[in-house]
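Just so you know, the protein sequences line up as chains A and B, in that order.
Residue numbering for the first sequence follows the working numbering, starting at 3 and increasing by one per position.
Residue numbering for the second sequence follows the working numbering, starting at -5 and increasing by one per position.
No residue lacks a Cβ here, since even glycine has one placed at the ideal position from N, Cα and C.
Just so it is clear, the structure is predicted and the values come from calculations on it, not from any experiment.
To start, the structure under review is shown below, and the notes come after it.
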Amino acid sequence: AQSVSQHNHHVILSEAASLELGCNYSYGGTVNLFWYVQYPGQHLQLLLKYFSGDPLVKGIKGFEAEFIKSKFSFNLRKPSVQWSDTAEYFCAVNAPYNQGGKLIFGQGTELSVKP
Amino acid sequence: DGGITQSPKYLFRKEGQNVTLSCEQNLNHDAMYWYRQDPGQGLRLIYYSQIVNDFQKGDIAEGYSVSREKKESFPLTVTSAQKNPTAFYLCASSGLATDTQYFGPGTRLTVL
């Protein structure tokens, strides 16, 4: 069965620190990869996605992620976080032709950025 | 203004009552999904529909039911058979099953 694992449950950083959130998945076939963000009181929004091509993808608000197929990983990075990045971050995977393209989500990582 | 709407934002019900959560989209998307979010567990798929008048069970369908009579609407009923219904419910849609899913604002259901 597919699964997604996010390594950190809660990360606390100071403003301007660099961020890397780990995400590993287990599935042997073709996958699409996503990072979603949920800001306090707001709905889930897409940060970035990888379907194919360049394994380094750039998203909104200065975030990027690198797909490393050999490691089944899709880690999220940002060089310098801001207080406004405080949110919960979800890694998700879908196998396009499995169960209607359902998304398998990781447990989520709560990021708290101290001003 | 295109998007996905869910209503109500907060819902309170007594134990043993059925309750229906609304999800409407005006994105002309074919596929729609219902997820349940619980703290520390991410989101889990309840039901999905790839086309009008057809829907499939997801990973945690027990105690839930859906209908898809119109392309833009995918209501979810939480029945009294659902043993732990208090949760945050998210509706999503995508153009095709292979496309990016976009989410609504969610409904927080509390069963007293």
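| query | result |
| --- | --- |
| Show which residues of chain B have a CB atom less than 7 angstroms away from the CB atom of His45(A). | Phe97, Gly98, Pro99 and Gly100 |
| Taking the alpha-carbon positions, what's the Leu113(A) to Leu78(A) distance? | 12 angstroms |
| For a test of the three-state rule: what should DSSP assign to Lys73(A), helix, strand or coil? | helix |
| What does Gly34(B) reach in chain A if we use C-beta pairs closer than 8 angstroms? | His11, Gln109 and Gly110 |
| Name the DSSP beta bridge partners of Ser54(A), please? | For Ser54(A), which the question treats as bridged, DSSP gives no partner whatsoever. |
| Whose C-beta lies closer than 6 angstroms to the C-beta of Leu37(B) among residues of the same chain, with five residues either side of it excluded? | Tyr29 and Gln31 |
| Let me know the secondary structure DSSP gives Asp93(B) once reduced to three states. | coil |
| Alpha carbon to alpha carbon, how far is Ile14(A) from Pro117(A)? | 11 angstroms |
| Do the stretch 61 to 72 of chain A and the stretch 55 to 71 of chain B meet, that is, are 3 or more Cβ pairs less than 8 angstroms apart? | no |
| What whole-angstrom Cβ distance do Arg102(B) and Tyr42(B) have, given they're in contact under 8 angstroms? | With 8 angstroms as the limit, Arg102(B) and Tyr42(B) do not qualify as a contact, their Cβ atoms being about 21 angstroms apart. |
| Tell me whether Ser16(A) sits in a helix, a strand or coil according to DSSP, three-state version. | strand |
| Taking DSSP as the reference, what is the three-state secondary structure of Ile106(A)? | strand |
| With a cut-off of 8 angstroms, does the C-beta of Tyr27(B) fall near any C-beta of chain A? | yes |
| With a threshold of 8 angstroms between beta carbons, is Tyr42(B) in contact with chain A? | yes |
| Please report the Cβ distance between Gly103(A) and Ser88(B), rounded to the nearest whole angstrom; I am assuming they are in contact, meaning their Cβ atoms lie under 8 angstroms. | 7 angstroms |
| Does DSSP put Leu24(B) in a helix, in a strand, or in coil? | One detail in the question is off: residue 24(B) reads as Asp in this sequence, not Leu. Asp24(B) falls in the coil class under three-state DSSP. |
| With a threshold of 6 angstroms on Cβ separation, who are the neighbours of His12(A) within its own chain once the five nearest residues in sequence on each side are excluded? | Glu112 |
| Going along chain B, which residues have a C-beta under 8 angstroms from Phe92(A)? | Gly36 and Leu37 |
| Interface residues of chain B around Leu78(A) at Cβ under 8 angstroms? | Going along chain B, no residue has its Cβ under 8 angstroms from Leu78(A), so there is no contact; the nearest lies around 15 angstroms. |
| How is the beta strand (DSSP E) around Val46(B) delimited, first residue to last? | Here Val46(B) belongs to no beta strand (DSSP E), and DSSP marks it neither H nor E. |
| Sort out for me which residues DSSP pairs Asn34(A) with in a bridge. | Asn96(A) |
| Residues in the stretch 42 to 69 of chain A with C-beta within 8 angstroms of chain B's C-beta atoms, listed in sequence order? | Gln44, His45, Leu46, Gln47, Leu48 and Lys51 |
| When you compare only the Cα positions, how much space is there between Glu110(A) and Thr88(A)? | It should be pointed out that residue 110(A) corresponds to Gly in this sequence rather than to Glu. Going by the C-alpha atoms only, they are around 13 angstroms apart. |
| Less than 7 angstroms between C-beta atoms, sequence neighbours within five positions excluded: which residues of the same chain meet that for Gly31(A)? | Ala97 |
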